[in-house]
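**Student:** Structure provided below as structure tokens; questions to follow.
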Amino acid sequence: MRENYQKLEEEYSRWKGESQQWPERDGIFRTDSGIPINQLYTPLDVKDLDYLEDIGFPGFPPYTRGIYPNMYRGKFWTIRMFSGFGTPEETNQRWRLLYEEGETGFSAAADNLTTLALDPDMFPGIEAEVGKEGVPIYSIRGMEALVEGLPIDRISVALVVTPMAGPAITTTYFNVARKRGIAKETLIGTTQGDLLTTCCAIIPWGAVDPQHMLKLACDLIEYCIPMKEAPRWNPVNFTTYNYREGGIDAVQEIAMGLANAVAHIDELLSRGWKIDDFVHRLAFHLSAHRDFFEEIAKYRAARKLWYRLLRERYRPENPRAYQFRFHVQTAGSSLTAQQPMLNIIRTAYQALEAVLGGCQSLHTNSYDEAICLPSEEAVTLAVRTQEILQEETGVANVIDPLAGSYYVEALTKELEERIWDYFLKIEEAGGVAEALSSGWLFGQMAEAFHKRRRDQESGAEKVVGVNCYVKEEEEPPPAFRINPRAAEIELERLEKLRRERDNARVRSLLDELRRVCEQNQNVLPVVSQLTAAGATLGEITDVYREIWGLWDLPIVA
Amino acid sequence: MDRKIRVLLFKPGLDGHWRGIITVSKALSEAGMETIFAGFKNLEGMVETALQEDVDVIGFSVHSGAHLEWARAVVEALEKEGCRDDFLLLIGGVFPQEDHQPLKEIGIDGVFGPGTPTSAIVEFIHSELASRSHKK
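Chains A and B are the protein sequences, given in the same order.
Under this note's numbering, the residues of the first sequence are numbered 1 to 557, in order.
Under this note's numbering, the residues of the second sequence are numbered 1 to 136, in order.
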């Protein structure tokens with residue numbers, strides 16, 4: 001496009017003068033992260049951008065337009081639904097349903113015990129959590145039942161846990177695959193194992209301190225990638241989605257994700273590995289929130305910033321390392337228990353953001369998730385939401401269709417700068433491990449909680465059905481119920497396992513793990529033997545607790 | 001001068017979703033109450049803290065779906081020490097509307113589901129405590 005900027009500026013002033021004569025409706029014209037929004041964007045807003053330098057071509061630096069040259073013209077994003085409840089057998093049935101309905105990747109939502117790496121019989125009362133928030137996987141027996149009959153040689157599986165559980169759960173999965181004749185070297189999938197989720201988003205019960213959690217997360221990366229035990233596995237997933245759910249904004253979300261990645265990279269470099277030994281397998285999991293254009297600009301800015309960060313600091317040689325690969329989940333915190341059918345609409349818009357932003361895989365929330373875990377009907381609708389995007393709307397027929405939008409490009413640039421500034425702020429706070437230990441990050445999260453509440457209660461942040469367009473009398477949808485026998489079934493499964501396994505071998509391997517922890521070696525090789533031998537999650541992670549101690553969280557309400 | 005209303009807030013069990021309870025804690029202190037956030041508490045420890053701190057209100061949140069189980073356990077722990085009636089007992093979190101009544105039957109005084117404005121919790125505490133002191 002040829003532009004005469006002088007003429008443009010004159011015409012812009014003329015339009016501005018005219019527009020100001022017209023009254024403006026009440027409203028807050030800022031993005032969700034607080035960037036002021038002009039009435040109109042023109043070539044003047046992007047005149048400092050250099051196409052090749054700032055935007056470029058998909059599959060080429062700085063990757064603003066996407067990480068692959070062909071994006072969705074090659075293949076659609078993966079439909080990956082985060083799912084799990086009750087018992088492994090019941091979750092397996094749900095996964096089969098999702099697969100039949102068109103899901104193309106699995107993702108295990110684990111229950112609280114599994115996520116935190118505890119056994120249900122470790123102390124009284126906690127059996128109440130069995131299967132409630134996800135699938136219970138306390139040992140190799142549970143994992144076998146979960147993936148029974150599913151084509152895990154072809155379809156990737158995401159294991160969503162904490163760094164405490166990461167080594168045990170991942171090797172459990174590898175050992176199940178091996179029993180089915182699938183070598184771990186060929187397995188595709190992801191372990192979430194995100195340090196900041198464990199600390200900032202969900203405060204952990206029974207966790208070791210952040211430095212040791214970082215060690216565990218890096219042990220898993222080291223084992224899979226530089227040690228080449230599972231070179232196609234994504235051994236970590238920086239889950240900025242979860243931090244965002246606390247109420248922080250798009251700028252903080254990406255900045256925290258980058259800072260988290262840097263902590264892991266620096267730890268692995270300090271172990272003597274080279275950047276090219278592992279960095280190409282680091283992946284991310286982002287949110288798709290309320291502000292449509294800001295979220296799309298966020299994905300574009302995040303890709304560019306990852307490129308910039310690696311180029312400026314680490315300079316890997318492998319071009320794939322610079323590709324910011326990410327899964328997206330639509331924002332659970334934007335859903336409402338009031339008028340829950342509205343959640344279908346919210347989720348559809350958010351899914352569109354993710355697709356226009358070039359995600360690699362996508363989870364769409366079910367409309368009943370502000371109330372309970374999703375019913376079959378609700379989750380099928382959520383899958384269909386993605387299928388409509390793929391098959392009916394045509395949005396996936398062209399790469400990065402919003403590039404060149406004056407607004408989206410200006411916003412992408414603005415976000416890039418703001419994210420980088422906040423990233424430097426985290427570094428000033430000492431990087432993520434220190435910022436967790438000192439309580440700085442908790443303070444940032446708590447500030448966000450309070451700001452969102454004030455904004456929602458004052459009406460500055462509108463929520464349809466909650467603080468506007470409220471319906472007095474509502475018929476709530478039927479709640480999906482978890483199998484009340486789940487705890488009993490899992491306790492029996494554990495008891496049977498402990499009866500049947502070689503307990504002397506488990507004990508001697510646990511001693512070996514103690515030695516490994518004391519000498520600060522990589523825990524994975526012995527944890528892998530332990531999970532194969534039928535040791536439970538809680539037995540394994542209790543060794544970490546015993547050797548390193550429990551973390552006393554610096555939380556002030 | 002009137003003594004400030006004292007509130008103990010905690011998370012029973014393993015559910016680490018902390019946004020809700022911290023949000024409520026801040027809202028209650030902005031409304032002039034004194035709040036103590038006890039983090040994760042085993043139930044005996046919770047009862048002990050509540051008695052020691054001489055609180056008027058105990059609140060907890062459950063987002064994991066195990067709200068009925070934890071509500072029962074909390075009530076039992078208080079009854080065991082014979083102090084259930086010393087406190088106004090509140091629950092918040094993510095649970096369906098149809099569980100509100102069962103939670104009340106278990107013995108929870110105030111049940112607050114998703115989307116509750118914090119002002120509703122403040123009002124509930126004021127009116128319940130006022131009617132209780134009236135009864136005394």
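The beta carbon of each residue, even a glycine, is placed where N, CA and C say it ideally should be.
State the start and end residues of the unbroken beta strand (DSSP E) segment that holds S334/A.
**Tutor:** Run containing S334/A: none; DSSP gives neither H nor E here.
**Student:** When DSSP labels each residue in this structure, what does H100/B get in the three-state scheme?
**Tutor:** The answer is helix: DSSP assigns H100/B an H, G or I state.
**Student:** With DSSP as the reference, label W15/A as helix, strand or coil.
**Tutor:** Three-state DSSP puts W15/A in a helix.
**Student:** I125/B CB to nearest chain A CB: under 8 Å?
**Tutor:** It does not; no Cβ of chain A falls within 8 Å.
**Student:** Does DSSP put F10/B in a helix, a strand or coil?
**Tutor:** Looking at F10/B - three-state DSSP - the assignment turns out to be strand.
**Student:** Could you give the first and the last residue of the continuous alpha helix (DSSP H) run that contains H67/B?
**Tutor:** H67/B -> alpha helix (DSSP H) spans 67-80.
**Student:** Taking A337/A as the query, report the chain B residues whose CB atoms sit under 7 Å from its CB, ordered along the chain.
**Tutor:** By Cβ distance, chain B contributes G113, P114, G115.
**Student:** How many angstroms separate the CA atom of A12/A from the CA atom of P36/A?
**Tutor:** Just to set this straight, residue 12/A is Tyr in the shown sequence, not Ala. If you take the alpha carbons of Y12/A and P36/A, they lie about 18 Å apart.
**Student:** Is the distance from the Cβ of L8/B to the Cβ of I36/B below 8 Å?
**Tutor:** Their beta carbons are under 8 Å apart, which means L8/B touches I36/B by this criterion.
**Student:** I'd like the list of long-range same chain contacts for L269/A, defined as Cβ closer than 7 Å, with 5 residues on each side in sequence excluded.
**Tutor:** Around L269/A: I275.
**Student:** Closest to L381/A by CA distance: which of N397/A, M341/A, E409/A is it?
**Tutor:** Checking every option, the nearest Cα to that of L381/A belongs to M341/A.
**Student:** Spatial neighbours of N483/A within its chain, please: CB distance less than 7 Å, with the 5 preceding and 5 following residues excluded, ordered by chain position.
**Tutor:** Once the five neighbours on either side are set aside, the close Cβ partners of N483/A are G86, T87, E90, G131.
**Student:** To the nearest angstrom, report how far apart D26/A and V262/A are at their CA atoms.
**Tutor:** Each residue's Cα considered, the two are about 42 Å apart.
**Student:** In whole angstroms, give me the CA-to-CA distance for E53/B and P478/A.
**Tutor:** Cα to Cα, the separation comes out at about 41 Å.
**Student:** Helix, strand or coil for A120/B? Go by DSSP, reduced to three states.
**Tutor:** Three-state result, A120/B: helix.
**Student:** Counting only the same chain and skipping the five closest in sequence on each side, list residues whose C-beta sits under 8 Å from that of Y138/A.
**Tutor:** For Y138/A, where only same-chain residues beyond five positions count, the Cβ hits under 8 Å are L113, T114, D119, P120, E490, R493, L494, T536, L537, G538.
**Student:** Can you tell me which of F278/A, G149/A, V470/A, K184/A puts its alpha carbon nearest to the alpha carbon of C218/A?
**Tutor:** Checking every option, the nearest Cα to that of C218/A belongs to F278/A.
**Student:** Could you say which of V526/A, D249/A, A158/A, Q360/A lies nearest to G30/A if we only look at CA atoms?
**Tutor:** Reading off the sequence shown, one finds Arg at residue 30/A, where the question assumed Gly. R30/A has its Cα closest to that of D249/A, out of V526/A, D249/A, A158/A, Q360/A.
**Student:** By DSSP's criteria, I91/B is part of a beta bridge. Which residues make up the other side?
**Tutor:** The partner list for I91/B (beta bridge, DSSP) reads F60/B, V111/B.
**Student:** Is it true that the CB of I106/B sits closer than 8 Å to the CB of F112/B?
**Tutor:** Not a contact, by the Cβ cut-off of 8 Å.
**Student:** Does K26/B have its Cβ less than 8 Å from a Cβ in chain A?
**Tutor:** True, the Cβ-Cβ gap to chain A drops below 8 Å.
**Student:** At a CB-CB cut-off below 7 Å, which residues of chain B make contact with K132/A?
**Tutor:** Result: S64, G65, A66.
**Student:** Which residues share a DSSP beta bridge with L159/A?
**Tutor:** Per DSSP, A108/A, T191/A.
**Student:** Taking contact to mean 3 or more Cβ pairs, one atom from each stretch, closer than 8 Å, check whether the region 348-356 of chain A and the region 289-296 of chain A are in contact.
**Tutor:** Judged by Cβ distances under 8 Å, the region 348-356 of chain A makes contact with the region 289-296 of chain A, as three or more pairs qualify.
**Student:** On a CA-only basis, which of L44/A, N520/A, D32/A, L40/A is nearest Y5/A? Give me that one, please.
**Tutor:** It is L44/A whose Cα lies nearest to the Cα of Y5/A.
**Student:** Listed in chain order, which residues of the region 466-477 of chain A have Cβ atoms closer than 9 Å to some Cβ of chain B?
**Tutor:** Hits within the stretch, in order: V466, N467, E474, P476, P477.
**Student:** My guess is that A165/A and L220/A are in contact by the Cβ rule of under 8 Å, so how many angstroms apart are they, rounded?
**Tutor:** 10 Å between Cβ atoms; not a contact.
**Student:** If you measure from the beta carbon of Q97/B to each beta carbon in chain A, is any gap under 8 Å?
**Tutor:** Yes - at least one Cβ of chain A is within 8 Å of the one on Q97/B.
**Student:** Applying the criterion that 16 or more other CB atoms from any shown protein chain within 10 Å of the CB defines a buried residue, is W205/A buried or exposed?
**Tutor:** Answer is buried; the Cβ neighbour count reaches 16.
**Student:** How many Å lie between P554/A and A27/B at the Cα?
**Tutor:** Distance between the alpha carbons of P554/A and A27/B: 21 Å.
**Student:** Could you tell me the alpha carbon to alpha carbon distance between K47/A and H363/A, rounded to whole angstroms?
**Tutor:** Their Cα atoms are separated by approximately 36 Å.
**Student:** Please list the partners that G247/A has in chain B, where partner means a Cβ-to-Cβ separation under 8 Å.
**Tutor:** Those are R19, listed as they occur along chain B.
**Student:** Consider the Cβ of I22/B: report whether some Cβ of chain A lies at a distance smaller than 8 Å.
**Tutor:** Closer than 8 Å: yes.
**Student:** Tell me which same chain residues have a C-beta within less than 8 Å of the C-beta of L411/A, skipping the five on either side of it?
**Tutor:** Excluding sequence neighbours, L411/A sits near T31, I35, F293, E294, A297.
**Student:** Please go through the same chain and pick out, in chain order, the residues whose beta-carbon is closer than 6 Å to the beta-carbon of C468/A, but skip the five residues on each side of it.
**Tutor:** Hits under 6 Å: K462.
**Student:** Can you find a CB in chain A that lies within less than 8 Å of the CB of D2/B?
**Tutor:** No, its Cβ sits nowhere closer than 8 Å to a Cβ of chain A.
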